[in-house]
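Letter 11 of the sequence shown, counting from 1, is numbered 172 in the working numbering, and no numbers are missing. Structure, as structure tokens:
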Amino acid sequence: MFPLCRLLASRAQVPSHLVRYLSDSQPPFCIQRPDPLVLTVRSLDRTINLYTKVLGMEATTFKGGRKALSFGVQKINLHEAGKEFEPKAAVPSPGSADLCLITEAPLSTVAQHLK
162 MFPLCRLLAS RAQVPSHLVR YLSDSQPPFC IQRPDPLVLT VRSLDRTINL
212 YTKVLGMEAT TFKGGRKALS FGVQKINLHE AGKEFEPKAA VPSPGSADLC
262 LITEAPLSTV AQHLK
């Protein structure tokens with residue numbers, strides 16, 4: 162099924178009966194993109210080496226020595242196991258990932274839908 166948010170974003174003329182049908186079967190919000198993905202890793206150096214040399218990503222260092230990998234408009238934040246910074250997973254462990262999603266909807270709308 163074609164998601165309502167994609168259909169409306171296309172600026173196409175959408176018949177009102179189709180909007181009502183899709184609204185009943187789709188979430189009341191659209192996810193725009195992930196931002197960021199966070200990987201907890203054993204070794205920052207080895208991880209950065211792999212992602213930059215093998216996959217062509219760009220390594221970036223931020224304030225406080227935080228590390229990230231960039232590709233296109235996306236970013237992967239890196240947390241070294243045992244040296245994580247906030248915000249972080251409840252139980253960070255090497256090989257785990259946290260995914261944050263961006264939406265323009267109010268948090269209350271998303272929270273209500275997830276209940």
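All C-beta atoms in this analysis are idealised placements derived from N, C-alpha and C, irrespective of residue type, glycine included. Since the structure is predicted, the reported quantities are computational estimates derived from the model, not experimental observations.
Asked, Found
"Backbone secondary structure at residue 228 - three-state DSSP", "strand"
"Residues near residue 274 in its chain [Cβ-Cβ closer than 8 Å; skip 5 each side]", "188, 189 and 190"
"Integer Cβ distance of residue 260 from residue 198, believed to fall under 8 Å", "6 Å"
"Closest by C-alpha distance to residue 239, when choosing among 200, 276, 207 and 272", "200"
"Through-space distance from residue 245 to residue 253, alpha-carbon basis", "8 Å"
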